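Asker: What follows is a single structure, and I will ask about it in a moment.
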Ligand SMILES: [Zn+2]
């Protein structure tokens, strides 16, 4: 299927586990560890956004403090996109929404993460992030404003803080070892510690934020959109972008069973969602003043789609590819790698080692049960589920029966196989720190994406006006997109699975 170095892979092929830009299932990272370490404070503080009593009170200065700490973790684990023009524009749009939000005086910080993943997230205290990948799928300033407003909504309604009160955070926090996000879709950013836990607008339980919180964020977003002069219908458009990704993904990856769709119904048919949005969207007398997308197009023109050289470089040095078994993982910095046909061991004499083995799935065991019954590890501490890159697994810490050293173990299911990880910590003094590294490494395990290893030139967005004869299938034929070019172009332009732009309408092509 690989058609040469100049092609761009935007879509997946047959492997159920592999995925790339155009079809990454929307999922959101939920990070929360800081909150679970906080003492439980309960009071009747009033939620600034909803006006209802908060379950938990946290002072704004403490909230900002946590935000800053977590922001620094984001900076150390992800690369920011350094595109001054685009960044200035995103900040401008974000600040328009923030200014009409329930917490206009909070100082908001908007940043773009240089990742192809379709995601956005927020931290308490005013930190909002949007991935380059999500930006490429936006089709108007109003849609961008909708995404940023949704994140602002989580911040103004203090969802992260409230969530903790319900005890949900402790669990999600443990999964992540990171910060707090709220958001649009999945992260799973390679090399970062963010797990792809679930989605925004996802089901309760999977997502750290409940469906109620997501709806509330949508509803607040619609309100901010209206107040800022945007068409609140953009909220539905954005959610449709995510829904379409999911539909497409299901189509090409042939996933069935086991994996829950994030959307039970299409956003357009989702009554609760519709209500949440129209209640505020219907505020009478509002006027749409922000409908000119010239600046939007100028700012996005030339934006890299898919892997950028920058985002690839981040972890390329330590990334290991097992082509035969179709997986890749990032080992800790400067560890030595020793491989056989089916196993690999990465080690550092002073710190520890990770050993990965594989076997066929014989029985339909839950990963946790697999660790107990098949790996023979009964007493598992720090036991938690792994959910990353659409893969399921389990991990925990045990004591190695042979050496008595602490051992991080994990089992992750990928296709018809289960991959087992035994990672021993030799330096007991730095046990926690090394364990963190080992877990971070395990969390980077995923299927190799189509064309991932092939180095190609960057593909960029180009806006053109559709002619009267515009036809996605025709444009697709000369596109640089290697796989599913028509579907990819449709997804990028909000015309999936069907529809055709009218003459004169602006469309995004890839060059
Ligand atoms: Zn959200």
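Residue numbers (my numbering): 4 to 514.
Each residue gets a CB set at the ideal place from its N, CA and C atoms; glycine is no exception.
Here the structure is a predicted model, which means the values were calculated and not measured.
Residue 242: buried (16+ other C-beta within 10 angstroms of its C-beta) or exposed?
Answerer: With 16 or more other Cβ atoms within 10 Å, it is buried.
Asker: Are there 16 or more other CB atoms within 10 angstroms of the CB of residue 499, so buried, or fewer, so exposed?
Answerer: Under this definition residue 499 is a buried residue.
Asker: Helix, strand or coil for residue 96? Go by DSSP, reduced to three states.
Answerer: Three-state result, residue 96: helix.
Asker: Identify, in the order they occur along the chain, each residue of the same chain with its Cβ nearer than 7 Å to the Cβ of residue 464, setting aside the five sequence neighbours on each side.
Answerer: Answer for residue 464: 139, 303, 304, 305, 306, 308, 511, 513, listed in chain order.
Asker: By DSSP's criteria, residue 1 is part of a beta bridge. Which residues make up the other side?
Answerer: Given a span of 4 to 514 for the chain in the structure shown, any question on residue 1 remains unanswerable.
Asker: Between which two residues does the beta strand (DSSP E) harbouring residue 105 extend?
Answerer: Element bounds for residue 105: n/a, residue is neither H nor E.
Asker: Are the region 430-437 and the region 346-357 in contact at 8 Å, needing three or more beta carbon pairs?
Answerer: Cβ pair count under 8 Å is three or more, so yes.
Asker: Residue 472: buried (16+ other C-beta within 10 angstroms of its C-beta) or exposed?
Answerer: Flag for residue 472 reads exposed.
Asker: In three-state DSSP terms, what is residue 82?
Answerer: Looking at residue 82 - three-state DSSP - the assignment turns out to be coil, as it is neither helix nor strand.
Asker: If residue 364 and residue 419 are in contact, beta carbons under 8 Å, what's the gap, nearest whole angstrom?
Answerer: At roughly 6 Å, the Cβ-Cβ gap stays under 8 Å, so residue 364 and residue 419 are in contact.
Asker: Report yes if the CB atom of residue 475 is closer than 8 Å to the CB atom of residue 493, and no otherwise.
Answerer: Going by C-beta atoms, residue 475 is nearer than 8 Å to residue 493.
Asker: In whole angstroms, what is the alpha-carbon distance linking residue 445 and residue 332?
Answerer: So the two alpha carbons sit approximately 7 Å from each other.
Asker: For the alpha helix (DSSP H) that contains residue 490, what are its first and last residues?
Answerer: Note, residue 490: alpha helix (DSSP H), 488-496.
Asker: So, helix, strand or coil for residue 392, using DSSP?
Answerer: In this structure, residue 392 counts as coil in the three-state DSSP scheme.
Asker: By Cβ distance, which residues of its chain are closer than 6 Å to residue 66, with the 5 residues on each side in sequence left out?
Answerer: Cβ neighbours of residue 66 beyond the five flanking positions: 127, 128.
Asker: Please report the straight-line C-alpha distance between residue 254 and residue 64, rounded to a whole angstrom.
Answerer: When rounded, the distance between both Cα atoms is 47 Å.
Asker: For ligand 3, is there a heavy atom less than 7 Å away from the beta-carbon of residue 217?
Answerer: Absent from the structure shown: ligand 3. Ligands present: ligand 1.
Asker: How about residue 378 and residue 423: are their beta carbons less than 8 Å apart?
Answerer: Result yes, Cβ atoms of residue 378 and residue 423 sit closer than 8 Å.
Asker: Tell me whether residue 220, by its Cβ, gets closer than 7 Å to a heavy atom of ligand 1.
Answerer: At least one heavy atom of ligand 1 is nearer than 7 Å to the Cβ of residue 220, so yes.
Asker: Should residue 116 and residue 71 be called a contact, given that it needs their Cβ atoms to be closer than 8 Å?
Answerer: Their beta carbons are not under 8 Å apart, which means residue 116 does not touch residue 71 by this criterion.
Asker: Opposite residue 358 in the DSSP bridges: which residues?
Answerer: 348, 425.
Asker: Which residue wins for smallest C-alpha separation from residue 477, given the options 483, 484, 489?
Answerer: Nearest C-alpha to residue 477: 489.
Asker: Following a CB-centred definition, is residue 153 positioned closer than 7 Å to any heavy atom of ligand 1?
Answerer: Checking the Cβ of residue 153 against ligand 1 gives yes.
Asker: Using C-beta distances below 6 Å, list every residue in its chain close to residue 521, excluding the 5 sequence neighbours before and after it, in chain order.
Answerer: Because the chain spans 4 through 514 in this model, residue 521 falls outside it and cannot be assessed.
Asker: Which residue marks the beginning of the beta strand (DSSP E) containing residue 126, and which one marks its end?
Answerer: That run of the beta strand (DSSP E) goes 123-126.
Asker: If you draw a straight line from the C-alpha of residue 106 to the C-alpha of residue 231, how long is it?
Answerer: Rounded to the nearest angstrom, the two C-alpha atoms are 14 Å apart.
Asker: Can you tell which of 234, 252, 247, 162 has its C-alpha closest to the C-alpha of residue 218?
Answerer: Closest by alpha carbon: 162.
Asker: Helix or strand or just coil, what does DSSP make of residue 466?
Answerer: Here residue 466 sits in strand by DSSP.
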